[in-house]
Amino acid sequence: MSNDDLKGFPASAKTFEDFEASARALGFDEALIREWAPMTVLDEHTHPFDANALVTQGEMWLSCGGDTRHLVPGDTFMVPTGTPHAERYGSQGATYWVARRNPR
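Adding 1294 to a residue's 1-based position in the sequence shown gives its number in the numbering used here.
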């Protein structure tokens, strides 16, 4: 869940279209804009896909393996397939662009 794992990831994309094109070039098969309401809390859960994301608005806290990261616009994060994690969103909510790599 570190930025070291995001080498080559389109963290500098200025538009969602650029983000999506870069993500697809890196082998991700879908890209989405996720918007979360203020103060949303998602208890620990997993996903059946790899997720790499770029926070574009608001703030959030991502907890994984006993580590919690505070994320703000410009920050990136990754959650590998099957990794238990929890999410909490701030008073303004949050938006992030996420690239997903689904199992084949």
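Each residue gets a CB set at the ideal place from its N, CA and C atoms; glycine is no exception. All of these numbers come straight from a predicted model, not from anything done at the bench.
Item                                                                                    : Value
Of the listed residues Thr1334, Gly1376, Ala1380, nearest to Gly1360 (C-alpha basis)    : Ala1380
Nearest neighbour of Gln1351, chosen from Ala1345, Gly1368, His1339, Cys1358 [CA to CA] : Gly1368
Check whether Phe1343 and Arg1395 have beta carbons under 8 angstroms apart             : yes
Rounded C-alpha distance that separates Thr1362 from Met1354                            : 10 angstroms
Residues that Asp1344 bridges to, as DSSP identifies them                               : Arg1395
Endpoints, beta strand (DSSP E) assigned at Phe1371                                     : 1370 to 1373
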